[in-house]
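Report on the structure given below.
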Amino acid sequence: MAKQSNRKKPLTQLDLLMEFFKKNPDRDISHPEIVDWATSEWMRRTGEVFRDPDRGIRSLHQNGYLIKVKKGVYRYDSDKVQQKDSEDFSGSQKAKILERDNYRCVICGRGKKDGVELHIDHIKPRYFGGKATIENGQVLCAQHNFIKKNLKQTETGKKMFIRLYELAKKENNKVLQDFCSDVLQAYEDHDINGHIEWEK
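Counting in the working numbering, the sequence shown runs from 2 upward without gaps.
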């Protein structure tokens with residue numbers, strides 16, 4: 002019979018940031034306050050330098066654990082986090098989405114056999130009300146999931162079609178060029194992402 006390990010999971014920098022916010026719920030916390038505490042506390046506990054607390058705070062906000070009140074001010078609301086946790090995919094949902102998408106990124110087609118990490122992504126993001134349903138799930142590689150999180154999905158799509166359009170022009174592929182042109186024209190017709198320009 003295997004012995005159970007009594008070792009605790011090592012403390013991460015995100016754990017430390019959340020520890021502070023959980024001890025200070027429903028309070029607007031300024032950026033300098035949390036950064037000063039986290040950097041000194043991390044040094045005290047580990048003897049190491051906390052390299053990028055800003056990135057950790059942004060990550061917690063982007064993943065729905067913190068509310069951004071205004072620039073440089075964040076708040077932890079346990080009710081919102083419980084709601085967020087209920088919108089995460091379950092293990093069985095993830096398995097079904099992976100199987101449906103053939104264990105490959107729906108954008109580039111790469112999978113674990115190609116040495117890439119796969120993520121289960123909300124097609125409609127949680128912060129826009131997207132739910133954890135199989136229909137709202139898709140498989141993305143880590144690279145494309147990162148791109149999507151940093152750009153609205155419509156922006157990601159438009160930039161992809163612009164690149165494809167430019168490639169089709171270089172290769173003199175008229176069929177693909179016309180297809181991309183029609184798609185990009187639809188962006189203009191619906192006044193979506195007009196700040197991303199493309200040359201016809």
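Note that beta-carbon positions come from the ideal geometry of N, C-alpha and C, so glycine has one too.
DSSP three-state label for Phe147, please. Residue state, collapsed to three classes: helix.
Roughly how many angstroms separate the alpha carbons of Lys159 and Asn146, rounded to a whole number? For Lys159 and Asn146, the distance between alpha carbons rounds to 16 Å.
Do Gly57 and Leu12 have their CB atoms nearer than 8 Å? In this structure, Leu12 does not lie closer than 8 Å to Gly57 by Cβ.
Residue environment, Lys178, which counts as buried when at least 16 other CB atoms sit within 10 Å: Per the sequence shown, the amino acid found at residue 178 is Gln instead of Lys. Of the residues assessed, Gln178 falls on the buried side of the cut-off, its CB having 16 or more other CB atoms within 10 angstroms.
I'd like to know whether the C-beta atoms of Arg105 and Gly112 end up nearer to each other than 8 Å. Taking 8 Å as the Cβ cut-off, Arg105 and Gly112 qualify as a contacting pair.
Whole-angstrom C-beta distance between Gly138 and Ile197, which should lie under 8 Å: Not quite, the Cβ-Cβ distance comes to about 26 Å (not below 8 Å), so this is no contact.
CB Trp38 to CB Phe21, shorter than 8 Å? The Cβ-Cβ distance between Trp38 and Phe21 falls below 8 Å.
Beta carbon of Leu141 nearer than 8 Å to that of Lys132: With respect to the 8 Å criterion, Leu141 and Lys132 are not classified as neighbours on the basis of their beta carbons.
Is His191 buried or exposed, if buried means 16 or more other CB atoms sit within 10 Å of its CB? Around the beta carbon of His191, fewer than 16 other beta carbons lie within 10 angstroms, which makes this residue exposed.
List the endpoints of the continuous alpha helix (DSSP H) containing Leu17. For Leu17, the enclosing alpha helix (DSSP H) covers residues 14-24.
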